[in-house]
Each structure stands twice: as structure tokens, then as C-alpha cells.
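Encoded as C-alpha cells, the structure appears first; notes follow it.
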Amino acid sequence: MSDSIECPHCGRRFTPGDGPESTRKVHPTVVRWLTEELTWSGEEPTERMYASYLYSFGEEPVSRSRFVDDLAHLGVPETINAQGIAVLTRK
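Going from the sequence shown to the numbering used here is simple: count from 1 and add 56.
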């Protein structure tokens, strides 16, 4: 695995060691989770996807709100489905 990862939305490369002075918009663990750990499309409950992320990156995870914001930047928005459940939609 490379030391850096690329945002599939904006093409910017990030290294996990980027410090707080970094201007990155998406946390590297969210990009890594989306590109390496998960292959899905359609609607999935946000809570289930966040639990999967926490399981993958339990040592230094981002908050649920940051997770959702980062995924939205990557083209995976959170919406409320017909049953009133928050879901992430990936095409």
C-alpha cells in the first residue's frame, strides 16, 4: 500500500501523517475506507456505514458528522429515505 491516498472526487493526494496545518477537505481514513474497504452502490443506512468505518479505523476515527461531510465531498451524500432513515447513496 502506498503512503498516500488519492481523493476520488478532487484528485488531491493525502498522506495519513498530514498534520492540522493541512488544508485537506477530506480525512484520509474516510478516503481509504471508501476506496479500499468498501464496494457498494445504492442506499445504505448511515449508521451501518459509520459502524463499518469505526471498525476499520477504530484507533483514530473521525466523528460521525465529519464522516458524513467528507463522504458528501466525495460524492456520497446522506439523505433521508422514505422510511425516515438517514442513508448514504453511492452510485
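Each residue gets a CB set at the ideal place from its N, CA and C atoms; glycine is no exception.
Can you tell which of PHE113, MET105 and GLY98 has its C-alpha closest to the C-alpha of PRO84?
Ranking the options by Cα distance to PRO84, first place goes to PHE113.
Suppose the cutoff is 8 Å on Cβ atoms and the five residues either side in sequence are ignored; what does the same chain contact list for SER121 look like?
Around SER121: no qualifying Cβ.
Just curious, the alpha helix (DSSP H) that PRO84 is in, first and last residue?
For PRO84, the enclosing alpha helix (DSSP H) has its first and last residue at 84 to 88.
Less than 6 Å between C-beta atoms, sequence neighbours within five positions excluded: which residues of the same chain meet that for GLU134?
THR102, VAL124, ALA142 and LEU144
Keeping to the same chain, check which residues put their C-beta closer than 6 Å to that of GLU77; ignore five residues upstream and five downstream.
With a pLDDT of only 42 at GLU77, under 50, the local geometry of the prediction cannot be trusted, and the value read off the model is given with reservation. Result list for GLU77: empty, nothing under 6 Å.
Using only the alpha-carbon positions, how far apart do GLY162 and TYR111 sit?
As shown, the chain starts at 57 and ends at 147. That puts residue 162 outside it, with no answer to give.
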